[in-house]
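Novice: The sequence shown begins at 32 in our numbering and counts up one residue at a time.
Just so you know, even glycine gets a beta-carbon here, dropped at the ideal spot from N, CA and C.
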Amino acid sequence: MDSAIAAAIAAGFFWAANIIVVRWALPRTGAPALVGAAVGVSVASLVATAVALASAQALPSADDLWRFALVGAIAPGSSQGLFVASIGSIGPSRTSVLVGTSPVFSVLLAMAFLDEDWRLAIIVGTALTVVGSALISWEPTSGVRRVGVALALLTAFSFGVRDVVARHFNSDSDVSSWWAGAVVLGAAGLVLVTMAVATQRGGTARAFKAATPEFLASGLLIGMALPVLLIALDRGQVGIVAPLSLASQNISVVAMGAVVFGAQERTPRVLAALTLVLAGAFVVSSAG
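1. Is S279 closer than 8 Å to A38 when the C-beta atoms are compared?
2. To the nearest angstrom, report how far apart T126 and P63 are at their CA atoms.
3. Does the distance from the CB of L140 to the CB of G191 come in under 8 Å?
4. Based on Cα-Cα distance, which residue from V272, V308, L307, V224 lies nearest to A41?
5. Are the Cβ atoms of F239 and V72 separated by less than 8 Å?
6. Buried or exposed for T243, please, with buried defined as at least 16 other CB atoms from any protein chain shown within 10 angstroms of its CB.
7. Helix, strand or coil: how does DSSP classify T243 here?
8. Taking only three categories from DSSP, how would you classify G131?
9. What three-state label does DSSP hand T230 in the structure shown?
10. Quick one: complete beta strand (DSSP E) runs, 3+ long, within the stretch 185-217?
11. Using only the alpha-carbon positions, how far apart do W55 and F246 sit?
12. With the cut-off set at 8 Å, would you say P107 and V206 are in Cβ contact?
13. Where do the N-terminal and C-terminal ends of the alpha helix (DSSP H) with I105 fall, by residue?
14. For F200, which residues of its own chain have a beta-carbon under 6 Å away from its beta-carbon, when the five flanking residues on both sides are left out?
15. Pull up the CB-CB distance for S137 and V301, whole angstroms please, since I reckon it's below 8 Å.
This is the structure:
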């Protein structure tokens, strides 16, 4: 379990760094959020594939391909555009804290479909996470856009589904986490590119060309974050890995966001919400 906790914390840091990069890149490119997401995830798939090839692990089977492609279509495939749009709308810290509700969905779905235990500590920790995220949802004075809040919560739900599906498939597969990550990200990249092309009304090539230099760093970070998260899910229960990863993400993104973007990312309400989310993660981790 110690290695699962370490991997969960590392994955959270990589996701946080990605959120900061995305927030910085969006206004510089002028490209739609979906195009930026497509570029980032496509680059990430190349990163994960390169590491998987270098690791000389066995290639995934046909069963592994369709299983992890399904995970990728769920998240980040269907969710990354929502995620990027939310960051652009309400900022990195608020998006990260709201996405911190994903352990709620992860835990409830894992209990329902993976027969994970209904332990009191997990329920209490999850409740603290919900309260912390609710502080951001009902923030009265910051001009927070409700659409951005909704996008972040939809992203959280898709992440919860992803964690449970990935945990289920990992338990039945011997494929390495790097190959699993490469398949997940490859499928997600195809979904996002298809969506971006379908929704662009002209200028698709220009939009991708403008977004690519700025979102390369995002791709590198996603390419590290997802396989490391899959390592954590392979070694630990969803109800422990998911809250810890989100706690690491939240504290990292608020700290980095305050440095890069200033005081608007560290308001008292944001810090209070972060404290509750971290407390929830600590309670959940103590259950392991």
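Specialist: Inspection of the coordinates gives the following:
1. Start at 1 with the first residue of the sequence shown, and residue 38 comes out as number 7. Start at 1 with the first residue of the sequence shown, and residue 279 comes out as number 248. No; because the gap between Cβ atoms is not below 8 Å, this pair is not in contact.
2. The sequence position of residue 126 within the sequence shown is 95, counting from 1. The sequence position of residue 63 within the sequence shown is 32, counting from 1. Distance between the alpha carbons of T126 and P63 is about 18 Å.
3. Start at 1 with the first residue of the sequence shown, and residue 140 comes out as number 109. Start at 1 with the first residue of the sequence shown, and residue 191 comes out as number 160. Yes.
4. Taking the sequence shown and counting its residues from 1, the one referred to as residue 41 is at position 10. If we check each option's Cα against that of A41, V272 comes out closest.
5. The residue you call residue 239 lines up with position 208 of the sequence shown. The residue you call residue 72 lines up with position 41 of the sequence shown. No. Outside cutoff.
6. Numbered from its first residue, the sequence shown carries residue 243 at position 212. It is buried - the Cβ of T243 has at least 16 other Cβ atoms within 10 Å.
7. Here the question's residue 243 lines up with position 212 in the sequence shown. In the structure shown, T243 sits in a helix (DSSP, three-state: H, G or I).
8. In the sequence shown, residue 131 corresponds to position 100, counting from 1. G131: coil per DSSP, three-state reduction.
9. Here the question's residue 230 lines up with position 199 in the sequence shown. Correct three-state label for T230: helix.
10. none
11. Stepping through the sequence shown from its first residue, residue 55 is reached at position 24. Stepping through the sequence shown from its first residue, residue 246 is reached at position 215. The alpha-carbon atoms of W55 and F246 are separated by roughly 10 Å.
12. In the sequence shown, counting from the first residue as 1, residue 107 sits at position 76. In the sequence shown, counting from the first residue as 1, residue 206 sits at position 175. No, the pair does not count as a contact, with Cβ atoms beyond the cut-off.
13. Within the sequence shown, the letter at position 74 stands for residue 105. Per DSSP, I105 belongs to no alpha helix (DSSP H) and is neither H nor E.
14. Within the sequence shown, numbered from 1, the residue matching residue 200 stands at position 169. Hits under 6 Å: R98.
15. Numbered from 1 along the sequence shown, position 106 holds the residue referred to as residue 137. Numbered from 1 along the sequence shown, position 270 holds the residue referred to as residue 301. With 8 Å as the limit, S137 and V301 do not qualify as a contact, their Cβ atoms being about 23 Å apart.
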